[in-house]
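Structure first, then comments.
In our numbering, the protein residues as written are 2 to 111.
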């Protein structure tokens, strides 16, 4: 954890940035790189009856780490994606509560 879902980029772009981005995010969160997952779902976007390209929307699902860490995290993700030549990047966070997150049947607050 964190689980990061990338939309609006392709697999090669994610592969190109994944290692340095992962290392920077682990430093920001002060945790190991093995705590992260990167996901790139296959999606089709439709607008006004036509297929359209997705805009870069990055969803971060994690245990809350505070505004300062969130700001650094969002800026790091944004910087790497803008370096790919994307015109805009949006990052959104979803915070899980430890009481509502279970591993092997036990919530993480225990």
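From the three backbone atoms N, C-alpha and C, an ideal C-beta is built for every residue, glycine too.
All of these numbers come straight from a predicted model, not from anything done at the bench.
*Runs of alpha helix (DSSP H) wholly within the region 12-97 (minimum 4 residues, chain order)*: 12-30 and 68-83
*What is the C-beta distance between residue 5 and residue 59, in whole angstroms, given that I count them as a contact (C-beta under 8 Å)?*
6 Å
_Suppose you measure from the CA of residue 24 to the CA of residue 85; what does that come to, to the nearest Å?_
18 Å
*Hey, is the region 42-58 in contact with the region 98-107, meaning 3+ C-beta pairs nearer than 8 Å?*
no
*Are the beta-carbon atoms of residue 99 and residue 64 separated by less than 8 Å?*
yes
_Give me, in chain order, the residues of the same chain whose beta-carbon lies closer than 8 Å to that of residue 35; leave out the 5 immediate sequence neighbours on both sides._
none
*Decide if residue 18 is buried, meaning its Cβ has at least 16 other Cβ atoms within 10 Å, or exposed.*
buried
_Can you tell me whether residue 34 sits near the ligand ATP, meaning its C-beta is under 7 Å from at least one heavy atom of the ligand?_
No copy of the ligand ATP appears in this structure; indeed no ligand is present at all.
_So residue 74 and residue 26 are supposed to be a Cβ contact under 8 Å. How far apart are they, rounded?_
6 Å
*For residue 103: DSSP bridge partner residues*: 108
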